[in-house]
Structure formats: C-alpha cells, structure tokens
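S.K.: Before I ask anything, here is the structure I am working with.
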Amino acid sequence: MDTTDAVVIGGGVIGTAAAYYLSKTGRRVTLIERKGIAAGTSSRCEGFILVNDKMPGYDARLGRLSQSLFPGLSDEIGYDIEWSAKGSLLLIESEEEMAVAEDFCGRLAQEGLAVRMLDRKQIHEIEPHLAEDIVGGMETTTDGAVNPMALARGLARAARRQGADLRTGTTVRGIRLDASGKIDRILTDGPDILTQTVVNAAGIWAPEIGRMVGVDIPITPRQGQILVTERTFALTRRKVMEFGYLMTKFEKEGYRRRVTPEMEANGVAFVLEPTGAGNFLIGSSRRFTGFDTATDTTVIRAVAERAVRFYPALARTRLIRTYAGLRPYTPDHFPIISPTPVDRFYVAAGHEGNGITLSLITGKLTAQIIAGEPPDIDLHPLRLDRFDSETPHAH
Amino acid sequence: MHTETAFSILFDGRPIPARDGQSVAETLLENGIRTFRRTRSGEPRGPYCNMGTCFECRLIIDGRPNSRSCMTLSRPGMRVETQNDAHIEVPDEDC
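Next comes the structure, spelled out in structure tokens:
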C-alpha cells in the first residue's frame, strides 16, 4: 500500500499543472491517469494562450494571470513547451461589428491588457493574405501559443523531478471515505493509494470521478472539430480568429453573422493557428455530441468554407487530417477550481475552450488552496457551489 | 528516345527534355536531377517510394507547392521548381 500527500486524477494540462505546482510546495503527489499524458482533450485542441477572447473583468484578469506564467516556463521546467508570442488578431467583418469590438477593446484596455484596434489599412498591411473586405481588427500583443502536448509532458516531467509519482495507464475504480466522511484511499486497478487529499482534474470525465464521492459536477463534453493543413506558405504568423467567434463562444443573444445554416447549426467560427512545424490548424465548431470524437464532412466543410472566407488563399492548401476534441463545458463558461462538500476533495476542471490558457493558473491556484496560502485571485467565481442556486452568479 | 513525342518542361527555369507518359519524377531523374526538395533544416530530398505514398518527392509544379512529382505526368511547357520547405510561396490563383 502506498501513502501520499495528494492524489491528482487526470494527466492533461490541468492535472499535470496541478501536480507540478503541488509538488513544488514539497508535498508528495501521485498523479493517476487512465491512458497517457495529454491523451484526452489536451491532444485534441489548439494551443492558444489568449486573453483576447476573455470577457472584460474577472475573466480577463484570470487569463492574463495565467498567460504571464508562460513565457518563462520552458526555462523554469527545463523543457521546451514551444511558446510562441506573435500576438493575436480578431478579424472584424462589418461596421456594426467594429462598433461592438471598439467597446470590447476599450474595456479590455482598462484591465491593463495590451490590446489595440486596427483600421482597414493597418490590418491589411500586416496581414496581406486577408480577404479584401475585412474592415479592421483587434490586436493583442501578449497572446501566443504553446504545443499543449509538450506543455503537459514538460509539467509532468518537472513534477516527477520534484518527487511526484506518475501512474499512467492506471484507472481509478473508486474513492473510499472513512466513517467520518474524510478521504481514506483511492482504489485503482493497480495498488490502492492511501491519501487524504484528492484533486479531480479529469476534465470531461470529472463528473464520473465526482460521483464516486457523491459530488455533482456540471461538466458536459462540447465537441470541436479541427482541420490540419499541409506544411505550407506563411499565410500568417499570428493567432487569428473572427470577432464573431467571441459572440458564439459567449452565446450572445441577438448577435447574427452572415453564415450558412450549417455554420449556424454547428457553431462554426473561424480560428487559425500557425504551428511550429509550418502546418496550420483551422477551427472550429461547437456542439454537444456526448463523448463522440468522430469528425464529419458537413462540419469539416463548413469550417473550411468559413476559413476561406477570411483567407481566400487557404482554398489552395490541402488538408492532411481532421480531428475532434471534447471541451469540458460548464453552464456559465467558467472553470471550477474549488473545494467540495467532501473534505479535501477538490475540483480543477471545466475550462471549456480555455484549458490550455488557464492551465498554469489553475495548477497554481489549486496548490494555493491545498497549502492554505492566499490565492493569486479571488476564488469565489470559480467555486463549485455557485451552481447550487438558481440565480446566475454575478462576477 | 521517341522523337515524335519528345517535348521539354522547365526545371527551375531551364528547359529539360521529357517524354510523353513520363512522370515528372522520371523526367527529372532521367536528366540527372536528384534533389527535388529541401527540408526545413536544409537537407536534400528526392523520390523514395516513387508510388505516391512517401511524399518525399514533393516540389512545385505550375506554381502549386507540395505536388507529388511521381504522381504527376510531364506535360509540354510545364513549370517545375525545387521546393524549399523553409519558404513556400503562395500558389498562383489559377493552379
């Protein structure tokens, strides 16, 4: 029988970040992962580290806190996470959108974020391959991207150097509580692990782990499909998305884009990520399909059409493959980084499409909660019990 | 060589003889050309499988990058260029 200070369940970017920051505090940590490091959503996503898609206010502050941890991480952990900071662009299709974007940009600037509006002339100067009718954009210079698989692997290795025990290929079968309701041990398909502290970082599978101790976690898989192009010309070096992406992400009422019914039905909004290898990742869609990670031609065609609308030269680029990932969605789009009614059973999950960006701050906050240290940001908006009441939580 | 079906294609701007029914890869190899492409780190690449599966013989055909020379027939006046993976240009509108 093994004894450890804390067990982290889940080997994605969230679980490995939690294991890294927890082991840094000197605690003995065991990370349990059913498959391998970054085998789930963390290898079926894009690598954006963005603040340009956060709502002004708490959301933006949380994103910026996390983002600021990335530039130095490769050196800190001695592993190249492929951090690239070329900035991001939000593309604006119409004058109406421009007005909304200017307001949005102004409010993000008030948070101290490095954002600025680009007019028609400025945006076409820096993005020569853009469709001619694009009227402007919003640039965020601190935005960047990482390789999410390298991130998870690097964090896992660093955690191990700090004494963490990584148990990949190990499935959690149950969590046993003692007579007083405190955690006693983790039952696995390998040896049981004695511990009093558990971090549930199982992403879309977090509800399954929660049910083992009777904790209800409102996370639902929300599928996104991504297209991978051949290695091709330097279409752009920035992380690019359409402004309408924010509107679909926040499910803004009354906002309508000129898109096809297929795009509307599948929540298709354009995002483009240049990779270190010279390929481009094109996204994406948003729909609830259970745990299905199959791609389909209707969605792929809609995503491709939407991409060509913004960068016509993409029509002359081949796709080499497509994949689908499952975002851990919560009803208010905020992650859960929180204690639960079960003593020392914590949740760090539910980041929807922000998991890579928020991975480091999530790991750090989780370690601060467990160590009883003052957190880097108010944790109230991230608490699990915000879902207990019917009234929406105010941020 | 069957003179009645001989024609030339342009390889990096220079005319080289080709024959009807030949793939671009065959034409280039027959003309002693071994380097079709350079990888991002600058290493030379040429045909390996010669049957469309390995993608090593990719180059630029009539302005279209990443074209497999083993799967493309030589045609009169075709423009073929070596490809540098570190720097691929935007393909022309009409290709």
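Chains as they are written, first to last, in the working numbering: chain G, 232 to 626; chain P, 26 to 120.
Cβ atoms here follow ideal geometry from the backbone N, Cα and C, with glycine treated the same way.
Since the structure is predicted, the reported quantities are computational estimates derived from the model, not experimental observations.
#1: In the DSSP assignment, what are the bridge partners of G:Glu370?
#2: Which residues of the segment 579 to 610 of chain G have a Cβ closer than 8 Å to any Cβ of chain P? Give them in chain order.
#3: May I ask you to report which of helix, strand or coil DSSP gives G:Ala625?
#4: In this structure, how does DSSP classify G:Ile357 when only helix, strand and coil are distinguished?
#5: Pick from G:His582, G:Leu425, G:Glu358: whose alpha carbon is nearest that of G:Ile450?
#6: Closer than 8 Å is the cut-off here; do at least three beta carbon pairs connect the segment 495 to 513 of chain G with the segment 467 to 476 of chain G?
#7: In whole angstroms, give me the CA-to-CA distance for G:Leu322 and G:Val260.
#8: Beta-carbon of P:Asn75 versus every beta-carbon of chain G: anything under 8 Å?
#9: Okay, do the segment 265 to 273 of chain G and the segment 282 to 295 of chain G touch, 3+ Cβ pairs below 8 Å being the bar?
#10: Give the C-beta separation of G:Thr235 and G:Ile365 to the nearest angstrom, bearing in mind that I take them to be a contact with Cβ-Cβ under 8 Å.
#11: What residue does the alpha helix (DSSP H) around G:Gly385 start on, and which one ends it?
#12: Can you list, in chain order, the residues of the segment 438 to 464 of chain G whose Cβ is nearer than 7 Å to any Cβ on chain P?
#13: Considering Cα atoms alone, identify which of G:Val534, G:Arg537, G:Asp616, G:Pro559 is closest to G:Pro572.
#14: Nearest-angstrom Cα distance between G:Val239 and G:Val429?
#15: Should the segment 536 to 546 of chain G be called in touch with the segment 560 to 577 of chain G, which here means at least 3 C-beta pairs below 8 Å?
#16: Per DSSP, which residues does P:Phe36 bridge with? Please list them.
#17: Relative to the C-alpha of P:Met96, which residue among P:Arg104, P:Glu51, P:Glu55 is closest?
#18: Cβ of G:Gly509 less than 8 Å from any chain P Cβ?
#19: Out of G:Ser254, G:Gly271, G:Ile263, state which residue places its alpha-carbon closest to the alpha-carbon of G:Gly556.
#20: Less than 8 Å between the beta carbons of P:Ser48 and P:Pro42, yes or no?
#21: Three or more beta-carbon pairs under 8 Å between the segment 61 to 68 of chain P and the segment 101 to 113 of chain P, yes or no?
#22: Report the residue ranges of all alpha helix (DSSP H) runs contained in full by the segment 448 to 534 of chain G; include only those spanning at least 4 residues, in chain order.
#23: Can you give the Cα-Cα distance for G:Leu512 and G:Leu262, rounded to whole angstroms?
#24: Please state whether the Cβ-Cβ distance between G:Tyr554 and G:Ile457 is less than 8 Å.
#25: In angstroms, rounded to a whole number, what distance separates the CA positions of G:Glu363 and G:Arg537?
#26: Using three-state DSSP, classify G:Leu300 as helix, strand or coil.
M.R.: With the structure as the only source:
#1: Residue pairing for G:Glu370: DSSP places it in a beta bridge opposite G:Leu320, G:Arg347.
#2: Per Cβ criterion, the list is empty.
#3: Caution is warranted here: a pLDDT of 47 is assigned to G:Ala625, below 50, making its placement in the model unreliable, and no coordinate value can be reported.
#4: In the structure shown, G:Ile357 sits in a helix (DSSP, three-state: H, G or I).
#5: The shortest Cα separation from G:Ile450 among G:His582, G:Leu425, G:Glu358 belongs to G:His582.
#6: At 8 Å Cβ cutoff, the stretches touch.
#7: Distance from the CA atom of G:Leu322 to the CA atom of G:Val260, rounded to whole angstroms, is 44 Å.
#8: With its beta carbon at least 8 Å from every one in chain G, P:Asn75 lies outside the interface.
#9: Judged by Cβ distances under 8 Å, the segment 265 to 273 of chain G makes no contact with the segment 282 to 295 of chain G, as fewer than three pairs qualify.
#10: Actually they are not in contact, since the Cβ atoms of G:Thr235 and G:Ile365 sit about 53 Å apart, beyond 8 Å.
#11: That run of the alpha helix (DSSP H) goes 379 to 392.
#12: Using a CB distance below 7 Å, the part of the segment 438 to 464 of chain G facing chain P consists of Glu461, Arg462, Thr463, Phe464, ordered along the chain.
#13: Of the listed residues, the one whose Cα sits closest to G:Pro572 is G:Asp616.
#14: Distance between the alpha carbons of G:Val239 and G:Val429: 6 Å.
#15: Between the segment 536 to 546 of chain G and the segment 560 to 577 of chain G there are fewer than three inter-stretch CB-CB distances shorter than 8 Å, so the stretches are not counted as touching.
#16: In the DSSP output, where bridge partners are listed per residue, P:Phe36 has P:Arg39, P:Val105.
#17: Checked all of P:Arg104, P:Glu51, P:Glu55; the closest Cα to P:Met96 is P:Glu51.
#18: It does; some Cβ of chain P falls within 8 Å.
#19: Put simply, of G:Ser254, G:Gly271, G:Ile263 the residue whose alpha carbon is nearest the alpha carbon of G:Gly556 is G:Gly271.
#20: In this structure, P:Pro42 does not lie closer than 8 Å to P:Ser48 by Cβ.
#21: Counting Cβ pairs under 8 Å, three or more are found: they touch.
#22: The segment 448 to 534 of chain G is shown to contain whole alpha helix (DSSP H) runs of 4 or more residues at 474 to 480, 492 to 496, in chain order.
#23: Answer to the nearest angstrom: the Cα atoms are 30 Å apart.
#24: Yes, Cβ-Cβ distance for G:Tyr554 and G:Ile457 is below 8 Å.
#25: Cα to Cα, the separation comes out at about 15 Å.
#26: Here DSSP, grouped into helix, strand and coil, assigns G:Leu300 to coil.
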